[in-house]
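Participant:
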Amino acid sequence: MGNKNKRPVYLNLFKLRLPVTGVVSIVHRITGLFLVLLLPPAFYLLQRSLQNRDAFDGIVSWFSALPGRLIMLVVLWLFLQHFFSGVRHLLQDMDIGVGKAAGRLSARLTFIASIVVIAIIGVRLL
Amino acid sequence: MRRSRYTGSAHTGTMEWLIQRVSALYLSGFVIYLIVSFSYAPLGEFAAWKAWFSLGGVRLAWALFFLSLLLHAWIGLRSIYMDYLQPLWLRFSFTLLTGVGLLTLALWAAQILLQAGP
Numbered sequence: 001m002g003n004k005n006k007r008p009v010y011l012n013l014f015k016l017r018l019p020v021t022g023v024v025s026i027v028h029r030i031t032g033l034f035l036v037l038l039l040p041p042a043f044y045l046l047q048r049s050l051q052n053r054d055a056f057d058g059i060v061s062w063f064s065a066l067p068g069r070l071i072m073l074v075v076l077w078l079f080l081q082h083f084f085s086g087v088r089h090l091l092q093d094m095d096i097g098v099g100k101a102a103g104r105l106s107a108r109l110t111f112i113a114s115i116v117v118i119a120i121i122g123v124r125l126l
Numbered sequence: 127m128r129r130s131r132y133t134g135s136a137h138t139g140t141m142e143w144l145i146q147r148v149s150a151l152y153l154s155g156f157v158i159y160l161i162v163s164f165s166y167a168p169l170g171e172f173a174a175w176k177a178w179f180s181l182g183g184v185r186l187a188w189a190l191f192f193l194s195l196l197l198h199a200w201i202g203l204r205s206i207y208m209d210y211l212q213p214l215w216l217r218f219s220f221t222l223l224t225g226v227g228l229l230t231l232a233l234w235a236a237q238i239l240l241q242a243g244p
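Protein chains in written order, with our numbering: chain W, 1 to 126; chain C, 127 to 244.
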């Protein structure tokens, strides 16, 4: 952007270390984007499940099988991670957990929380 | 005259900010209620599922859910585009496509809710 000289700009994303607070921020956006992309198939399944008994039973039995359960776990994790990093945003709006140390701690906590909850659900589901 | 620095999605749209927060509260309440209630009492029967969905209050709650969901998605995606899509035509195209897509989903949601009536 308006950079006229030809200095080499080295932006190797694997060598650039993003702080954990930056990681939650980008993960919040990525999980949100994936959740939006999942809306059309989800709308389709909801509509089909309400149409007749056969469609409903088909969907239920597909989600009861292993691939269906695994997909459900992945989608649930996307939601949970987005939820916990969203709660972090809301708390920061209320001036709770603002500051470098608190921000880093809460960033780590969102990952820990989403992993712990998905582990609990996974144990019940698998 | 110097053009002011472009700041992406930061510092614009108080209304968007507020809608994003309010819809987030409704969405999390609704989705967590669904996850918890279905994990304790799974709906195994088509008839029970259909009967539950045809209740007026349930469909109203779903209508509010769809509304919050699509507004939340719109504001969220718009912020992402403002921050990362640099040539204006590219950002404009993505924003337009997203708007059309989300409006389509809104009509689809309305169809699902109307079909599920008693």
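C-beta: ideal position from N, C-alpha, C; glycine also. These figures come from a predicted structure and were not determined experimentally.
(1) On a Cα-Cα basis, can you pick out the residue from W:V87, W:V123, W:G32 that is closest to G155 of chain C?
(2) Report all residues from its chain with a CB closer than 6 Å to the CB of S85 of chain W; omit the five preceding and five following residues, and keep chain order.
(3) How would you label Q212 of chain C, buried or exposed, when you count the other beta carbons within 10 angstroms and need 16 or more for buried?
(4) Alpha carbon to alpha carbon, how far is K176 of chain C from L38 of chain W?
(5) Three or more beta-carbon pairs under 8 Å between the segment 40-59 of chain W and the segment 174-191 of chain C, yes or no?
(6) From which residue to which residue does the alpha helix (DSSP H) around E171 of chain C run?
(7) With distances taken between CB atoms, is the gap from L153 of chain C to L195 of chain C smaller than 8 Å?
(8) Return no unless some Cβ of chain C is closer than 8 Å to the Cβ of Q136 of chain W.
(9) So which residues of chain C does D95 of chain W contact, with C-beta pairs closer than 8 Å?
(10) Taking the C-alpha atoms as reference points, what is the distance between G170 of chain C and I59 of chain W?
(11) Listing by chain order, which chain C residues have their CB less than 7 Å from the CB of G32 of chain W?
(12) Closest Cβ-Cβ distance between G86 of chain W and chain C: below 8 Å?
(13) Are T31 of chain W and A107 of chain W close, meaning C-beta to C-beta below 8 Å?
(14) What is the rounded straight-line gap between the Cα of L233 of chain C and the Cα of L91 of chain W?
(15) Taking only beta-carbon positions, decide if G243 of chain C is within less than 8 Å of chain W.
(16) What would DSSP say about R29 of chain W, mapped onto helix, strand or coil?
(17) Using the beta-carbon count (16 or more within 10 Å), is M127 of chain C buried or exposed?
(18) Measuring only between beta-carbons, confirm whether L223 of chain C sits less than 8 Å from chain W.
(19) Going by C-alpha to C-alpha distance, which of W:I26, W:L78, W:G99, W:V98 sits closest to V117 of chain W?
(20) I need the straight-line Cα distance from I96 of chain W to A242 of chain C, nearest angstrom please.
(21) Thinking L80 of chain W and L125 of chain W are a contact (beta carbons under 8 Å), I'd like their distance in whole angstroms, please.
Facilitator: The short version:
(1) The residue you call residue 155 of chain C lines up with position 29 of the second sequence. With distances taken between Cα atoms, G155 of chain C lies closest to W:V87.
(2) Position 85 of the first sequence holds residue 85 of chain W. The residues are V24, H28, T110.
(3) On the second sequence, position 86 is the one that residue 212 of chain C refers to. Q212 of chain C comes out exposed.
(4) Translated into the one-based positions of the second sequence, residue 176 of chain C becomes position 50. Translated into the one-based positions of the first sequence, residue 38 of chain W becomes position 38. Taking the straight line from one Cα to the other gives about 23 Å.
(5) yes
(6) Position 45 of the second sequence, counted from the first residue, corresponds to residue 171 of chain C. Per DSSP, E171 of chain C belongs to no alpha helix (DSSP H) and is neither H nor E.
(7) If you number the second sequence from 1, residue 153 of chain C lands on position 27. If you number the second sequence from 1, residue 195 of chain C lands on position 69. Closer than 8 Å, so yes.
(8) Since the first and last residues shown for chain W are 1 and 126, residue 136 of chain W lies out of range.
(9) Locating residue 95 of chain W in the first sequence gives position 95, counting from the first residue. Result: empty, since nearest Cβ-Cβ is about 14 Å, beyond 8 Å.
(10) Reading the second sequence from its first residue, position 44 is the one you call residue 170 of chain C. Reading the first sequence from its first residue, position 59 is the one you call residue 59 of chain W. Answer to the nearest angstrom: the Cα atoms are 11 Å apart.
(11) In the first sequence, residue 32 of chain W corresponds to position 32, counting from 1. By Cβ distance, chain C contributes G202.
(12) As a position in the first sequence, residue 86 of chain W is number 86, starting the count at 1. Output row for G86 of chain W: interface = yes.
(13) The count along the first sequence starts at 1 and reaches residue 31 of chain W at position 31. The count along the first sequence starts at 1 and reaches residue 107 of chain W at position 107. No; because the gap between Cβ atoms is not below 8 Å, this pair is not in contact.
(14) On the second sequence, residue 233 of chain C is found 107 positions in, with the first residue counted as 1. On the first sequence, residue 91 of chain W is found 91 positions in, with the first residue counted as 1. Whole-angstrom Cα-Cα distance: 34 Å.
(15) Residue 243 of chain C sits at position 117 when you count from the first residue of the second sequence. Chain W contact via Cβ: absent.
(16) Along the first sequence, one-based indexing puts residue 29 of chain W at 29. In this structure, R29 of chain W counts as helix in the three-state DSSP scheme.
(17) The residue given as residue 127 of chain C occupies position 1 in the second sequence. In this predicted model, M127 of chain C has a pLDDT of only 48, less than 50, meaning its place in the structure is not dependable enough to derive any value.
(18) Position 97 of the second sequence holds residue 223 of chain C. It does not; no Cβ of chain W falls within 8 Å.
(19) Position 117 of the first sequence, counted from the start, is the residue given in the question as residue 117 of chain W. For the residues W:I26, W:L78, W:G99, W:V98, the minimum Cα distance to V117 of chain W belongs to W:L78.
(20) Indexing the first sequence from 1 puts residue 96 of chain W at position 96. Indexing the second sequence from 1 puts residue 242 of chain C at position 116. If you take the alpha carbons of I96 of chain W and A242 of chain C, they lie about 43 Å apart.
(21) As a working mapping, residue 80 of chain W is identified with position 80 in the first sequence. As a working mapping, residue 125 of chain W is identified with position 125 in the first sequence. The Cβ separation is near 13 Å, so there is no contact.
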